[in-house]
Each structure stands twice: as C-alpha cells, then as structure tokens.
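In what follows, a single structure is set out as structure tokens and then discussed.
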Amino acid sequence: MMLLEEKVAVIHGGGGSIGAATARVFAREGARLFLAGRSLSRLEAAATAARELGASVDIAVVDAMDQAAVDRHVDEVTDAAGRIDIALNAVGFDHVQGLPIAETSLADYLHPVTGYLRTNFVTAKAVSRPMLAQGGGVILTISTPGARLTGRGLIGNAAQSAGLEGFSRALAGELGPGGVRVVCVRPHAMADAYDTSYTGEMFGRIAAAGGIGRDEWLAGLAGTTLLGRLPSLGEVAEYLAFAASDRARSMTGVISNLTAGALVD
Numbered sequence: 001m002m003l004l005e006e007k008v009a010v011i012h013g014g015g016g017s018i019g020a021a022t023a024r025v026f027a028r029e030g031a032r033l034f035l036a037g038r039s040l041s042r043l044e045a046a047a048t049a050a051r052e053l054g055a056s057v058d059i060a061v062v063d064a065m066d067q068a069a070v071d072r073h074v075d076e077v078t079d080a081a082g083r084i085d086i087a088l089n090a091v092g093f094d095h096v097q098g099l100p101i102a103e104t105s106l107a108d109y110l111h112p113v114t115g116y117l118r119t120n121f122v123t124a125k126a127v128s129r130p131m132l133a134q135g136g137g138v139i140l141t142i143s144t145p146g147a148r149l150t151g152r153g154l155i156g157n158a159a160q161s162a163g164l165e166g167f168s169r170a171l172a173g174e175l176g177p178g179g180v181r182v183v184c185v186r187p188h189a190m191a192d193a194y195d196t197s198y199t200g201e202m203f204g205r206i207a208a209a210g211g212i213g214r215d216e217w218l219a220g221l222a223g224t225t226l227l228g229r230l231p232s233l234g235e236v237a238e239y240l241a242f243a244a245s246d247r248a249r250s251m252t253g254v255i256s257n258l259t260a261g262a263l264v265d
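Here it is in structure tokens:
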C-alpha cells in the first residue's frame, strides 16, 4: 500500500524547489494534490511532473501571506475534496545572510522573521479549521540549521528559524488534543536546489563576500557535516512523505534533524 493513498495534501509554495520535489513524492505515494503558490508557470511545471506519476493535481495562484486568500483556497479544497489530511508550507524567499549586525539594517533583519513566521501562521490557521473539524491531520513546517547555529551573518535567519520551531512546538500542543500532528523538518542547504531556488543567488552573494566561488563555499559547508555532504531535495521530500503518513502517527511536536550531521542532537 502506498504511504499516502487517499490522502488529500495541500502544498503552499508548491512550485518551489522543496514544494515541487515533495509533490512528486506525494504523488508517487498516492496523495491527491492541491498546489498553491505565486508563480503560475512554476505551479504548472510541478503539477505536470506530479501528474506523470499518476496524481490528481489542482493548482491555484495564492499569496500565502494573505489570510483571506489562503482561507478562500482552503475552503475551495475542502469543497472539492471533502477534507485536508496534509498541509506543507514550503514557501521560501530571498533574504540577507552573511553580514555582521553592524552592516545589517533593521528591515533586512526583520524580513525573514516576519515573512516566514507570518506565512506559517496564516497557512496553519487556515488548515487547522478543517483538520480539527474532521478530527485529524498533519501540518508540516520547514526550518533551517540556523535555529541552533551561531556565528556572523546568521542573525535574521537564526531568529526566523528558532521562532518557527517554537511556533511548531506550541502549535503541536494546541492541536494535538484534536488529533492534528505538527512536524517541523530542519534540513541543511540542499545540494541540488541551487539552480531552482533563491538559495543559489543568496549563497552566491555570501561566497563572493568571502572572496570564493559558490561551489567552493558549498564544498566547505558540506565539510562541516558528519557525513561530508549536504542533503538532497529527494531525501527531504521522502522524509516529509513518511512524516505525513500514518506510519508516523505517534510523531508530533518534533524538530526532525536532516542536516547530514551538521547539528547533532
């Protein structure tokens, strides 16, 4: 039996690197998919790939920062499918990293903090309504190693990631009595995401500031992990499918470490 057979999944940021990779794995595992995002062309590409694996896929252009827009889309999904079993927020956007606090503006510091915490609040609030009404569901969030790292240039990313992990823990406690699980996944930079993600440009800027090329900088980053490599999009997507499945039905309130050993719990 497929992991997600007869499950209804909504992916916000469904056209992005993580969202599209996860859509493919969810499709292979039997889920009915609803992909939402801001880029119609990227959503269409992600939907085409998922449909080739046999999935039923609907797409919608939705601003995941807009509560009213997300609420409307969630209502449309529940009208069409009758329920929402899985909701993944894979929204990502460029932000400043690599600068010391003296060179970081307040606006640049707050941009990832308010942006990531806002979109995850908006989407979780929207999907929690049908999930609580039906007595179950899984909300998936995505953090970064910045939640536990230290050093120059991480201040905005660290605050954003630590805040999102705290949000996920608290949400798990609130929604758990209603049968809703919350799993936060903390992958490292993904080695095969740079050409399709904002991280390519962002890491390129950080590398250039250090006087090296992006590939050299990424090789150095991989060298800080216990496995000597960075995770891949496919590995992260496979874990998300497991976490969303009934095989993980006792898992909630966790921060899943997919950093290839950059962090050790």
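With UniProt numbering applied, the sequence shown covers 1 to 265. All C-beta atoms, glycine included, are put in the ideal place defined by N, C-alpha and C.
Contact annotation, Ala87 with Ile139: C-beta distance approximately 5 Å; criterion of less than 8 Å satisfied.
When beta bridges are read from the DSSP output, Asn257 appears opposite Arg186. Annotation: the continuous beta strand (DSSP E) that includes Arg32 extends over 32 to 37. Taking a cut-off of 8 Å for Cβ pairs, the region 244 to 263 and the region 181 to 190 touch, as three or more such pairs fall below it. For Leu140, the pairing in a beta bridge is given by DSSP as Leu88, Val183. Ranked by Cα distance from Gly234, the options Glu5, Gly210, Glu216, Asp192 are led by Asp192. The alpha helix (DSSP H) runs of length 4 or more contained entirely in the region 69 to 129 do not exist; there are none.
Look at the region 186 to 248 and you find these whole runs of alpha helix (DSSP H), each 4 residues long or longer: 198 to 209, 214 to 222, 233 to 244. For Val25, the enclosing alpha helix (DSSP H) covers residues 17 to 28.
Relative to the Cα of Gly179, the nearest Cα in the group Thr199, Gly146, Thr48, Asp85 belongs to Asp85.
If you draw a straight line from the Cα of Gly151 to the Cα of Glu76, it is about 44 Å long.
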